[in-house]
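Student: Protein chains in written order, with this note's numbering: chain D, 1 to 424; chain C, 1001 to 1424. Glycine residues also receive a C-beta, built at the ideal position from the N, C-alpha and C atoms.
(1) Applying a beta-carbon distance threshold of less than 7 Å, which residues of chain D neighbour residue 1267 of chain C?
(2) Look up residue 1410 of chain C in the DSSP assignment and say whether it is helix, strand or coil.
(3) Using a Cβ cut-off of 9 Å (strictly closer), state whether residue 1183 of chain C contacts chain D.
(4) What three-state label does DSSP hand residue 1399 of chain C in the structure shown?
(5) Is the CB of residue 1420 of chain C under 9 Å away from at least one CB in chain D?
(6) Are residue 236 of chain D and residue 263 of chain D closer than 9 Å when you measure CB to CB?
(7) Compare the C-beta of residue 1432 of chain C against all C-beta atoms of chain D and say whether one is closer than 9 Å.
(8) How would you write the range of the beta strand (DSSP E) that residue 1009 of chain C sits in, first residue to last?
(9) Let me know if residue 192 of chain D comes out buried or exposed under the rule of 16 or more other beta-carbons within 10 Å of its beta-carbon.
(10) Taking residue 146 of chain D as the reference, give the member of D:292, D:198 and D:137 with the closest Cα.
(11) CB-CB under 8 Å to residue 302 of chain D, same chain, minus the five flanking residues each way: which ones, in chain order?
(12) Thinking residue 443 of chain D and residue 215 of chain D are a contact (beta carbons under 8 Å), I'd like their distance in whole angstroms, please.
(13) The alpha helix (DSSP H) spanning residue 1420 of chain C covers which residue range?
(14) Against chain A, does residue 1044 of chain C count as a neighbour if the rule is that its beta carbon must be under 9 Å from one of theirs?
(15) Using a Cβ cut-off of 9 Å, which residues of the region 1236–1253 of chain C contact any Cβ in chain D, in chain order?
(16) Cutting at 6 Å between CB atoms, please list the residues of its own chain near residue 1171 of chain C, excluding the five before and the five after it.
(17) Any chance you could list the beta strand (DSSP E) runs of at least 3 consecutive residues sitting entirely within the region 190–237 of chain D, in chain order?
(18) In the DSSP assignment, the beta strand (DSSP E) including residue 1344 of chain C goes from what residue to what residue?
(19) Determine which residues of the region 1185–1209 of chain C have a Cβ less than 7 Å from any Cβ of chain D, and write them out in chain order.
(20) Please classify residue 1297 of chain C: is it buried, with 16 or more other beta-carbons within 10 angstroms of its beta-carbon, or exposed?
(21) Can you list, in chain order, the stretches of the alpha helix (DSSP H) that have 4 or more residues and sit fully within the region 1064–1141 of chain C?
(22) Could you confirm whether any beta carbon from chain C is found closer than 9 Å to the beta carbon of residue 85 of chain D?
(23) When the Cα atoms are used, what is the spatial distance from residue 1023 of chain C to residue 241 of chain D?
(24) Assuming residue 250 of chain D and residue 1423 of chain C form a contact by the criterion Cβ under 8 Å, report the distance between their Cβ atoms to the nearest whole angstrom.
(25) At what residues does the beta strand (DSSP E) containing residue 1041 of chain C begin and finish?
(26) At a CB distance below 9 Å, what residues from the region 1335–1362 of chain C approach chain D? Give them in sequence order.
(27) Using a Cβ-Cβ cutoff of less than 8 Å, which residues in the same chain neighbour residue 1353 of chain C once the five nearest sequence positions on both sides are dropped?
(28) Run through DSSP, which three-state label would residue 1162 of chain C get?
(29) In whole angstroms, give me the CA-to-CA distance for residue 1131 of chain C and residue 1244 of chain C.
(30) Can you round the beta-carbon distance between residue 152 of chain D and residue 330 of chain D to whole angstroms, since I take them to be within the 8 Å contact cut?
(31) Taking Cβ to Cβ, would you say residue 125 of chain D is nearer than 9 Å to residue 155 of chain D?
(32) Classify residue 1270 of chain C: buried if its beta carbon has 16 or more other beta carbons within 10 angstroms, exposed otherwise.
(33) Using a Cβ cut-off of 8 Å, which residues of the region 1147–1178 of chain C contact any Cβ in chain D, in chain order?
(34) Rounded to whole angstroms, how far is the Cβ of residue 1389 of chain C from the Cβ of residue 1226 of chain C, which I believe are closer than 8 Å?
(35) Out of D:404, D:381 and D:21, state which residue places its alpha-carbon closest to the alpha-carbon of residue 207 of chain D.
(36) Listing by chain order, which chain C residues have their CB less than 9 Å from the CB of residue 315 of chain D?
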């Protein structure tokens, strides 16, 4: 009788519309491999492991593979999330010798993994989650554990190094581009000068804000100005830029990252800290501040819109390319782990093709290369004036938002997989 | 040779995802009727008429009917909009006698309509637009004009009397319900108490905010609380309601109309007027204020989201029922005008059916019954506690969000009709 081992999979960090597609990929591949026994999921990431909150995913989802099609297109995180930072594994290992009775996080986690006969651990997340994969892998090596740890990337921010782009980014970009274009239509109806400021997520990297340029069509150049955290912001330059655009356009739309900051590092959103009537400070965001600046200095009709959490959960407008790649990453992670890989990250590598068509392959890298690191937009993708993107960026991003997933509707709203097993 | 007359059609008020469907209906019916010659559109509503900014719609759109399919699903207003209130027609008529050389708005409009050989005038809009139709019709009668004036309703607010519901409402409701459900998924991922306040459009009527209840599925009861302008708001009762929900739920979502107000009539959003660092007042909205209240009085994680203009322009998630009805209203308006109707409004009448299935018929009413009037939600659709809706409302609203229009995508974003003829 051949030996089988179990899988544990968990999700961590902020939600994306594609993170469940990677989970579906892990489950599909796990079910197809004869080496795999049970596929467990940890509820709320590594916190769930620490609390032994593990579920048998076949028990929870049933054996019917078509449920995985619904999981693939469902927003948020089927297994819930956490933000939990493990201490340095060397420190934990050293602690093992003098005071063996003290159970540190690592000992606790490895005890549980051993109890559940886990050989393969998959963590789907961003920079912080890759830190967890790296530390668990390192600790495992220090204690000669056979358990293999693989990271599967995701983040709407697209700020993970190594990978060409991150799952979740394409779907968020598609929502941003679609909404931006629809708002360009919306602002066009009155024959009165107007400015619309659209605030988009991204504290340190401008990838998602930049994707708003995908809204440009033969009808509208909106967004007419794009401000990213990669370039220092200046109120006065912004007003110069805007006045220039208002000369040629009746309606000007500005896309701005939540994380834009001045040369001294102060966030524009901090600058806009306001007091309510009780004297309590409230943050209105960069968009709100810029709208008030336009109102004061230019005086035309102005409105600010925050796309807010919809950017990461509007799964009804997901990119099929994004979902397919996310699922494939999940599958390949399983194959890689079975081959013997550990402390690695599965990632997307874009191929140079003769006809310029979009093609990716999947590869593994040392997870340490991605852990705790951020990839900002290169200067070659930002226009020299610092208020727009370049054609190079559009070539990079356009393939990522292609294709519509098939979504079933019931009572007029999309059918997603229930997550009643989480505390809701 | 039989005589033909021309059509003039215009749009007015705020945009909806269905208003172009009514325009498509007018054009389709106009093209099919042998009594009709040229179909003109006025750019930016009645203002465009006053400025002789009229376009031949067949010249602009071409003769290919398939373009009308794209027009039908395109957001915002193909002909642009205005907010322009005509003076009382009696006053204008009386002015005609003493000082004939002064050209008032009515004389100007009727001169232009006569120049263009217009017999049928269609105005697609809300309460204010129906006021324009009423006044033009009345003036025409006073001067024995043969021109017929018909109003075609639209507004995301659903606050027009006479009609069972307004075109545009179903599509906006579908966006609100879909987004609300997706946000319910989004908030569920962390195992930490949280409150999300979602601010929805509707200054005087709660119809659209109430539609957020369509997000409720077997997975989530979100929104857990719903506050409408029809019920006086109280900060202390809100905190009592919210604390109650937080006992049973990890994540509570509150839907609130932008127009909620206290018993003394003060808007909650006014209450939240804040000063920025320069001492300038900024409105953060009802949602922003309530989030700050929760932060101070309850202290849990809280966030506020304004759905903002996306509610009225997110055409990629339109209701097919809504678009079909809007188009049909446009067609029927033309038939009615040719039959001799004037100073009337075409509207939707819901039928009582034996099996309870949804069915509407189309009828005409005196436009004065809808002009300048507002339809609020009846008390029977609001739960006794004033913080939720009733089953009666759900039965009313659910049929309105059914069905998905066919949308073509190019480069990952929806293909809508260009509105380059407007000043953009």
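Tutor: Taking the geometry as given:
(1) As a working mapping, residue 1267 of chain C is identified with position 267 in the second chain. Among the residues of chain D, none has a CB under 7 Å from the CB of residue 1267 of chain C; the nearest is roughly 14 Å distant.
(2) Along the second chain, one-based indexing puts residue 1410 of chain C at 410. Looking at residue 1410 of chain C - three-state DSSP - the assignment turns out to be strand.
(3) Translated into positions along the second chain, residue 1183 of chain C becomes position 183. True, the Cβ-Cβ gap to chain D drops below 9 Å.
(4) Within the second chain, the letter at position 399 stands for residue 1399 of chain C. Helix.
(5) Against the second chain, residue 1420 of chain C aligns to sequence position 420. Judged by the 9 Å Cβ criterion, residue 1420 of chain C is in contact with chain D.
(6) Translated into positions along the first chain, residue 236 of chain D becomes position 236. Translated into positions along the first chain, residue 263 of chain D becomes position 263. No, the Cβ-Cβ distance between residue 236 of chain D and residue 263 of chain D is not below 9 Å.
(7) In this structure chain C extends from 1001 to 1424, so residue 1432 of chain C is not present and cannot be described.
(8) Within the second chain, residue 1009 of chain C is the residue found at index 9, counting from 1. Where residue 1009 of chain C is concerned, the enclosing beta strand (DSSP E) stretches over 1005–1011.
(9) Residue 192 of chain D sits at position 192 when you count from the first residue of the first chain. Residue 192 of chain D sits exposed, since fewer than 16 C-beta atoms from the chains shown fall within 10 Å of its C-beta.
(10) On the first chain, residue 146 of chain D is found 146 positions in, with the first residue counted as 1. For residue 146 of chain D, the nearest C-alpha among the options comes from D:137.
(11) Indexing the first chain from 1 puts residue 302 of chain D at position 302. For residue 302 of chain D, where only same-chain residues beyond five positions count, the Cβ hits under 8 Å are 194, 195, 196, 197, 291, 294 and 295.
(12) The structure shown does not extend to residue 443 of chain D, since chain D is modelled only from 1 through 424, so no value can be given for it.
(13) Start at 1 with the first residue of the second chain, and residue 1420 of chain C comes out as number 420. Taken as a continuous stretch (DSSP letters only), residue 1420 of chain C belongs to no alpha helix (DSSP H), as it is neither H nor E.
(14) Included in the structure are the protein chains D and C, with no chain A among them.
(15) Residues of the region 1236–1253 of chain C with a C-beta atom less than 9 Å from some C-beta of chain D are 1249, 1250 and 1251, listed in chain order.
(16) Sequence index remark: in the second chain, residue 1171 of chain C carries index 171 (1-based). Here the set comprises 1017, 1018, 1318, 1319 and 1322.
(17) As for any beta strand (DSSP E) of minimum length 3 sitting wholly inside the region 190–237 of chain D, the runs are 194–200 and 225–227, ordered along the chain.
(18) Here residue 1344 of chain C refers to the residue found at position 344 when the second chain is read from its first residue. 1344–1350 is the span of the beta strand (DSSP E), which, as asked, contains residue 1344 of chain C.
(19) Answer set for the region 1185–1209 of chain C: 1185, 1186, 1188, 1189, 1190 and 1191.
(20) Looking up residue 1297 of chain C in the second chain gives position 297. Under this definition residue 1297 of chain C is an exposed residue.
(21) Residue ranges of uninterrupted alpha helix (DSSP H) with 4 or more members, entirely inside the region 1064–1141 of chain C and ordered along the chain, are 1066–1073, 1089–1096 and 1105–1115.
(22) Numbered from 1 along the first chain, position 85 holds the residue referred to as residue 85 of chain D. Residue-level contact check: residue 85 of chain D does not touch chain C, since none of the beta carbons of chain C fall below 9 Å from its beta carbon.
(23) Position 23 of the second chain, counted from the start, is the residue given in the question as residue 1023 of chain C. Position 241 of the first chain, counted from the start, is the residue given in the question as residue 241 of chain D. If you take the alpha carbons of residue 1023 of chain C and residue 241 of chain D, they lie about 37 Å apart.
(24) As a working mapping, residue 250 of chain D is identified with position 250 in the first chain. As a working mapping, residue 1423 of chain C is identified with position 423 in the second chain. With 8 Å as the limit, residue 250 of chain D and residue 1423 of chain C qualify as a contact, their Cβ atoms being about 4 Å apart.
(25) Here residue 1041 of chain C is taken as the residue at index 41 of the second chain, counted from 1. It spans 1036–1042 - the beta strand (DSSP E) in which residue 1041 of chain C sits, taken as one unbroken run.
(26) Listed by position, the residues of the region 1335–1362 of chain C near chain D (Cβ gap below 9 Å) amount to none.
(27) By 1-based counting over the second chain, the position of residue 1353 of chain C is 353. Only residues of its own chain outside the window of five on either side were considered, and among them 1359 have a CB closer than 8 Å to the CB of residue 1353 of chain C, listed in chain order.
(28) By 1-based counting over the second chain, the position of residue 1162 of chain C is 162. Reduced to three states, the DSSP call for residue 1162 of chain C is coil.
(29) Translated into positions along the second chain, residue 1131 of chain C becomes position 131. Translated into positions along the second chain, residue 1244 of chain C becomes position 244. Taking the Cα positions, residue 1131 of chain C is about 45 Å away from residue 1244 of chain C.
(30) To locate residue 152 of chain D, count along the first chain from 1; it is residue 152. To locate residue 330 of chain D, count along the first chain from 1; it is residue 330. Indeed, because the Cβ distance is near 6 Å, the residues count as touching under 8 Å.
(31) Numbered from 1 along the first chain, position 125 holds the residue referred to as residue 125 of chain D. Numbered from 1 along the first chain, position 155 holds the residue referred to as residue 155 of chain D. Result yes, Cβ atoms of residue 125 of chain D and residue 155 of chain D sit closer than 9 Å.
(32) The residue given as residue 1270 of chain C occupies position 270 in the second chain. It is exposed - the Cβ of residue 1270 of chain C has fewer than 16 other Cβ atoms within 10 Å.
(33) Correct list: 1174, 1177 and 1178.
(34) Start at 1 with the first residue of the second chain, and residue 1389 of chain C comes out as number 389. Start at 1 with the first residue of the second chain, and residue 1226 of chain C comes out as number 226. Indeed, because the Cβ distance is near 6 Å, the residues count as touching under 8 Å.
(35) Locating residue 207 of chain D in the first chain gives position 207, counting from the first residue. It is D:381 whose Cα lies nearest to the Cα of residue 207 of chain D.
(36) Taking the first residue of the first chain as position 1, residue 315 of chain D is located at position 315. Here the neighbours are 1182 and 1185.
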